[in-house]
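Taken in order, these protein sequences are the chains called A and B.
Residue numbering for the first sequence follows the numbering used here, starting at 1 and increasing by one per position.
Residue numbering for the second sequence follows the numbering used here, starting at 1 and increasing by one per position.
Number of protein chains: 2
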Amino acid sequence: MNNLFSDRLKKLTPYTPGEQLNDKRYIKLNTNENPYPPSDKVLEAIKDKAGETLRLYPDPESKELLSVIAKKYSIDNDMVFVSNGSDETLAFAFNAFFSGKKVAFPRITYSFYPVYCKLYDAKEETPEMNYDYTINKEAVSKCKYPLIIANPNAPTGELLSNEYICSLLEKDKERLILVDEAYIDFANQPSMAEYVKKYKNLLVVRTFSKSYSLAGMRIGYAIGDKALIAALNTVKNCFNSYPLDRLAQISAVTALNNQEYYDMINNKVKATRDRVAKQLDKLGCTVLPSQSNFLFVKFGGYDSSTIYTKFKDEGILIRQWNYIPDYVRISIGTDSDMDSLINTAKEIMK
Amino acid sequence: MNNLFSDRLKKLTPYTPGEQLNDKRYIKLNTNENPYPPSDKVLEAIKDKAGETLRLYPDPESKELLSVIAKKYSIDNDMVFVSNGSDETLAFAFNAFFSGKKVAFPRITYSFYPVYCKLYDAKEETPEMNYDYTINKEAVSKCKYPLIIANPNAPTGELLSNEYICSLLEKDKERLILVDEAYIDFANQPSMAEYVKKYKNLLVVRTFSKSYSLAGMRIGYAIGDKALIAALNTVKNCFNSYPLDRLAQISAVTALNNQEYYDMINNKVKATRDRVAKQLDKLGCTVLPSQSNFLFVKFGGYDSSTIYTKFKDEGILIRQWNYIPDYVRISIGTDSDMDSLINTAKEIMK
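Right, dumping it as structure tokens:
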């Protein structure tokens, strides 16, 4: 039945997300979800909108949400794009900007980028990393292709300075730089958003899944020059007129209108992260400095799959990749979650 | 700044959805939404799930929803695919099955199909229609390419018999036939779903937007042989791991578990449709026989844009396309909505 399928299909290699086990037994530290719930105001807004109007299509342009995001960054609505999770924004960006071209990103970064390369016929260029998994800035600076930087980087948690990224933007204004800021709210540096008016070659991608505790609602967005946003809208309108349902739209609007709550919970996550990093370090683990809501950790001489299994056996899910033999990624949970993690880590490292 | 964009972008022509005006003044008969609200049970289920767990990613495979759909059709879970609206399923199907190939669909049908052709490098073949906008079965039967049939067809409302579609499936079992059944619950014929076990070259696409009153929640699905479903999953997992948020998943599950309510409201829609079709016919309009939740109507010698404007001036939104000069499409609303429509139609036709 091979005739039924397209040739393109045969080239594809899907992304594998972290496990979403429904088994309540696990402490889930494997997909960088926020350990704290969404704001009560968000939950109330959803309940309030769960009515008769769900029979009607949502606003295809998500205008109210565009306005709230635009206001946050003091930009116009036509510099904002929203999507069904930030992965959808990334997919559309590959189609609009990188399809049929070379595109560069560090060798160890968000592993969906190479998947999108195959989906959109882009050719990946991967500047060398340093041996300690930090980004080799010299290699990145030399690269002349359109560039994707996850900042902070995943799964390492490393943060590049906005000044460094601006220096790359300056070098060639006809070269697009996409900065994927899924984790920026956990960093001690503001978003690159403030530079989108200055650099027409900068696209900043963000999500409500991490710092807004809304992974379950699937909302992402991008900000950039209006020509970049128009290109994303062209692709979106060739794909799905209404990517964001009514409840997703109101969730995101309400979350942004309750920023104080989120600042409070994200500060808690950062404090827990710094505390746990110190404790793991004391136990003899190697912990990369993280500006994110996860830690990238090496447990002595153990390989990463062994560590993954040891934690899973103790009811703790963490993330491991076969192409990273020595480090695992641990999301920051509540203080109580992390105390359990530290207890298991003590057993492993003793 | 032309260097920023891909060559592919320049080839794209977006789809234009029906207007979603927020102005409450209009009677909205332009996007085939159900005039009746979702089941109370669906709204309760959403409110019940609007809690702490929204911080967690949804099940990427929507397993509970797959099970409920599979049970409805007495098939296995691996014969079901779900997506963020049925347009997303269609997009993935173009990528998996039609990319780089020829694909056929009637000249007048859902106008997103040619948009997907450009997005996925498929070449459209459009068998002639009859002059009365009915499908020319002779032309369709001669066609040897993979085929898309919207059944009932949009925007005409015409229904082809399942026996005829089976005859096409029989002719060449290496040729895929995608039957887009967005409106089948308004027809006097069951879904082609019962044939997916028999024909491995049949993909049936359905939506919760129309007969389940959930356009605002964006849920679509496909059923077919497990090889076809696996292909759709490959594309989906190269695009977005979690296309359906938590509340969309529970909405769809709960809707299917309350089929009685939906049978009741859809029977009301059908009765209203048949009544209005007769009334318009009496006024001298030409009304195509419709098995859908809309009517395709010609108002005497008026062109379609004039008719659109006349109704809009009276506070009634209907759908009009410039490439269809004589007919407009009118969604079936409540009886009271349609009484208003008839009053305006009387003015126009007198």
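No residue lacks a Cβ here, since even glycine has one placed at the ideal position from N, Cα and C.
| field | Contact under 9 Å by Cβ, Tyr145/A with Arg175/A | value | yes
| field | Backbone secondary structure at Leu160/A - three-state DSSP | value | coil
| said: What would DSSP say about Lys71/B, mapped onto helix, strand or coil? | reply: helix
| Secondary structure of Gly216/B, DSSP reduced to three states | helix
| With C-beta atoms as the reference, is Asp78/A less than 9 Å away from Ala248/A? | no
| said: I need the straight-line Cα distance from Asp281/B to Ile342/B, nearest angstrom please. | reply: Rounded to whole angstroms, the gap between the alpha carbons of Asp281/B and Ile342/B is 11 Å.
| Limits of the alpha helix (DSSP H) - the one that Glu44/B falls within | 40-49
| Other residues of its chain near Thr333/B: CB distance less than 7 Å, five sequence neighbours each side excluded | Before going on, a small fix: residue 333/B reads as Gly here, not Thr. Cβ neighbours of Gly333/B beyond the five flanking positions: Ile27, Leu29, Pro35.
| Would Phe105/B count as contacting chain A if we go by Cβ distances under 9 Å? | no
| message | On a Cα-Cα basis, can you pick out the residue from Ser191/A, Pro325/A, Leu54/A that is closest to Gly301/A? | response | Pro325/A
| query | Asp352/A: which of Pro37/A, Arg25/A, Glu124/A sits nearest, CA to CA? | reply | Look at the range of chain A in this structure, 1 to 350, and you will see that residue 352/A is not part of it.
| Which listed residue (Lys310/B, Asn322/B, Val80/B) has its alpha carbon closest to that of Ser340/B | Residue Lys310/B is the option with its Cα nearest to Ser340/B.
| query | Expressed to the nearest angstrom, what Euclidean distance is found between the alpha-carbon atoms of Leu119/B and Cys238/A? | reply | 7 Å
| What are the boundary residues of the beta strand (DSSP E) that includes Arg206/A? | 202-207
| Using a Cβ-Cβ distance under 9 Å, would Ala150/B count as near chain A? | no
| request: Could you list which residues in chain A have their beta carbon closer than 8 Å to that of Cys238/B, in chain order? | output: Leu12, Thr13, Pro14, Tyr15, Val115, Tyr116, Lys118, Leu119, listed in chain order.
| Where the alpha helix (DSSP H) containing Tyr357/B begins and where it ends | What the structure shows of chain B is the stretch from 1 to 350, and residue 357/B is not part of that stretch, so it cannot be assessed.
| request: Please say whether Val82/A and Leu425/B have beta carbons closer to each other than 9 Å? | output: Nothing can be reported for residue 425/B, as the shown portion of chain B is limited to 1 through 350.
| field | Residues from the region 295-327 of chain A in contact with chain B, defined by Cβ distance under 8 Å | value | none
| query | Ser62/A: which of Arg246/A, Ala154/A, Ala215/A sits nearest, CA to CA? | reply | Arg246/A
| query | Excluding the five sequence neighbours on either side, which residues of its own chain have a C-beta within less than 8 Å of the C-beta of Met349/B, listed in chain order? | reply | Leu283, Gly284, Cys285, Phe299, Gly300
| Beta-carbon spacing of Val179/A, Val204/A below 9 Å | yes
| query | Does Asn34/A come within less than 9 Å of chain B when only Cβ atoms are used? | reply | yes
| query | What residues in the region 245-258 of chain A have a beta carbon less than 7 Å from any beta carbon of chain B? | reply | Asp245, Arg246, Leu247, Ala248
| message | Between Leu168/B, Lys200/B, Phe5/B, Thr53/B, which has its C-alpha nearest Glu138/B's C-alpha? | response | Of the residues Leu168/B, Lys200/B, Phe5/B, Thr53/B, the one whose Cα lies closest to the Cα of Glu138/B is Leu168/B.
| said: Only counting the same chain, and skipping five residues up and downstream in sequence, which positions put a Cβ closer than 7 Å to that of Pro243/A? | reply: Ser83, Asn84, Glu88, Lys236
| message | If the criterion is Cβ atoms closer than 9 Å, does the pair Arg55/A and Ala45/B meet it? | response | no
| said: Am I right that Val196/B and Asp225/B are in contact with their C-beta atoms under 8 Å? What's the rounded C-beta distance? | reply: 7 Å
| query | Quick one: is Lys198/B buried, meaning 16 or more other Cβ sit within 10 Å of its Cβ, or exposed? | reply | exposed
| field | Counted within 10 angstroms of its Cβ, other Cβ atoms place Gly100/A as buried (16 or more) or exposed | value | exposed
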